[in-house]
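The working numbering numbers the first residue of the sequence shown as 48 and each following residue consecutively. Idealized CB from N, CA, C, for every residue including glycine. Computed from a predicted structure; not experimentally measured.
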Amino acid sequence: MRANYKFEVQDWKTAIDLYSQSRSIYEKLASAFLDEATRMLYAQRVEEIGPNIRYCAYNLGQGGMDIKDLMIMKSSAAGQDLLSAKIDAAIKQTREKLASSFGDITWRGKSVPLHNEKARVFILHLQEKESEMSRQSTFEGKMELFDNLLMECKDALQAIKEEIGNEMSTKKKNETNLSQLQFIKMYLSYLRQNLMIERNICMIDWMKEKLPVLIGTPKQEIKTKITKPEDLIRLYDGIILSLNEISQLQGIEVDEKLQEEVEAQIVAYKGFR
Numbered sequence: 048m049r050a051n052y053k054f055e056v057q058d059w060k061t062a063i064d065l066y067s068q069s070r071s072i073y074e075k076l077a078s079a080f081l082d083e084a085t086r087m088l089y090a091q092r093v094e095e096i097g098p099n100i101r102y103c104a105y106n107l108g109q110g111g112m113d114i115k116d117l118m119i120m121k122s123s124a125a126g127q128d129l130l131s132a133k134i135d136a137a138i139k140q141t142r143e144k145l146a147s148s149f150g151d152i153t154w155r156g157k158s159v160p161l162h163n164e165k166a167r168v169f170i171l172h173l174q175e176k177e178s179e180m181s182r183q184s185t186f187e188g189k190m191e192l193f194d195n196l197l198m199e200c201k202d203a204l205q206a207i208k209e210e211i212g213n214e215m216s217t218k219k220k221n222e223t224n225l226s227q228l229q230f231i232k233m234y235l236s237y238l239r240q241n242l243m244i245e246r247n248i249c250m251i252d253w254m255k256e257k258l259p260v261l262i263g264t265p266k267q268e269i270k271t272k273i274t275k276p277e278d279l280i281r282l283y284d285g286i287i288l289s290l291n292e293i294s295q296l297q298g299i300e301v302d303e304k305l306q307e308e309v310e311a312q313i314v315a316y317k318g319f320r
C-alpha cells in the first residue's frame, strides 16, 4: 500500500524501492510453499509488480525506453487502470517529443515538409501500428486501436483543412505552401480510407469464424451470435466504397499507377462480395 501511495504521488525513488522490496518478499513466499495454487498466487503478484517497477525506472531516467517499450509495458499492465493511464500519458508525451523533430513525408515519389503537430503525431502513431497490432490478443483490442488511429487521422485532417483555409484567405497566397498542404490533405485522406479498409478486413476475418458452416454446429444449438452472409456483404460494400473514395481524391488522377491498383482492388473485392 505504501508503494502504491508513493507511486500515485509520483515519488518514483521511494516507490521503486518499496516495490522492489515487495517483489523480493513475494518471490521468497512463492518458493517457500509446496502448494501449487499458493505458489501461483505469489508468482502472479510478482508479475503484477513488474510493470510498476519499470515505469518508476522510466520516470527516474533509468529505463532507456522508447514507445515500443512503453507499449509492451502497457500490455503487461492490463487491469491496472492507474498504471495504464500513466503509461498512456507517457506514450503521448513521447510521441509529441518525436513529432517536434519530424521532418518530411514521402509518398508516391514526392516529399513535402510536414509542420502540423497533429498530423505528425498521427503519422508517428501509424508507423507503430503493426507492432501495436501484434500485441493485441483480442478482437476488441484491435478495434480500439483502429478507432484511435481513425480519430487521430480525423483530427489531423481537420487541422490541415484549417491551414488550407487560412492560406486561401490571405491576400498574397503562398502557392508552394498551399500545394504542399493540399498534398498532405490527399495523403491523410488516403491513409484514412486505408485504415477503414483494414478495419473492415479485420472484422471480416473475425466474423468469418462465426459462420454456421464453419462452426459446424446446428443453428438452433448455437448460443453465441452467428454471422449472417449479409453482415459480410455490408463490410465488403464498405471496402469498395473506401476504394472509390480513394480513386476520387483530388490530385490522385495524375497517378495512373495508383489508379490501376485501386481499380484492381475494387474488382477483387467485388468478387469477394
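Below 8 Å, enough C-beta pairs join the segment 234-247 and the segment 184-196 to call them touching: three or more. Rounded to whole angstroms, D151 and Q205 show a C-alpha spacing of 19 Å. In this structure, I231 is the residue among I313, L282, E277, I231 with its C-alpha nearest to the C-alpha of Q297.
Between the segment 173-193 and the segment 216-227 there are fewer than three C-beta pairs closer than 8 Å, too few to call the two in contact. The C-beta of R70 has 16 or more other C-beta atoms within 10 Å across all chains shown, which makes the residue buried.
V309 is not a Cβ neighbour of L282, given a cutoff of 8 Å. Per DSSP, S181 is one residue of the alpha helix (DSSP H) stretching across 176-181.
Around the beta carbon of S78, fewer than 16 other beta carbons sit within 10 angstroms, so the residue counts as exposed. When DSSP states are grouped into helix, strand and coil, I251 belongs to the helix group.
The Cβ-Cβ distance between P98 and L130 falls below 8 Å. Counted as a single uninterrupted DSSP element, the alpha helix (DSSP H) harbouring D64 occupies residues 59-79.
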